[in-house]
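Taking my numbering, the leading residue of the sequence shown gets 18, the next gets one more, and so forth. Idealized CB from N, CA, C, for every residue including glycine. From a predicted model like this one, the values you see are computed outputs, not experimental measurements. For reference, the structure is listed below as structure tokens.
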Amino acid sequence: MLVVEKDGKIVGMNGIIFERKSGVARFFTGVVVAPEEQRQGIGSKLLHRSLLEAKREGLGNAEVETIQGITASEHLYPEFGGRRQISVS
């Protein structure tokens, strides 16, 4: 877990889970930033660090799944090459 503090308070965090099944390596990450601290680069720094950790673990690709309507994530992930894909299952 990665944590960002400001003035002694946690303003951002990111949990990372690595999974290796059937020869496929994946990682799951959850970036959370306090609403009053968003749009200041905290989420970008957390995601960048997560991607570095994934690379160090030998993962070549990252897949991101977000909840529809969370506008912060709509701005964050494209900065890292993410693209929108909608599942209709």
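Report task. Return yes when the C-beta of V21 is under 7 Å from any heavy atom of the ligand SAH, and no when it is not. Result -> Within the structure as shown, the ligand SAH is missing, as the structure has no ligands at all.
Query - Per-residue burial, G25 [other beta carbons within 10 Å of its own, 16 or more giving buried] - result: exposed
**Report entry** Where the beta strand (DSSP E) through R37 begins and ends
**Finding:** K26 to K38
Requested in this report: With a 10 Å radius around its C-beta and 16 neighbouring C-beta atoms as the bar for buried, classify V48 as buried or exposed.
Outcome: buried
Query raised in the report: Which whole-angstrom value is the C-beta distance of E70 and I33, which I expect to be below 8 Å?
Result: 6 Å
Requested in this report: Can you grab the Cα-Cα spacing for the pair M30 / K72, in whole Å?
Outcome: 19 Å
Query raised in the report: If we ignore side chains and look at the alpha-carbon of each, how far apart do V50 and S67 end up?
Result: 15 Å
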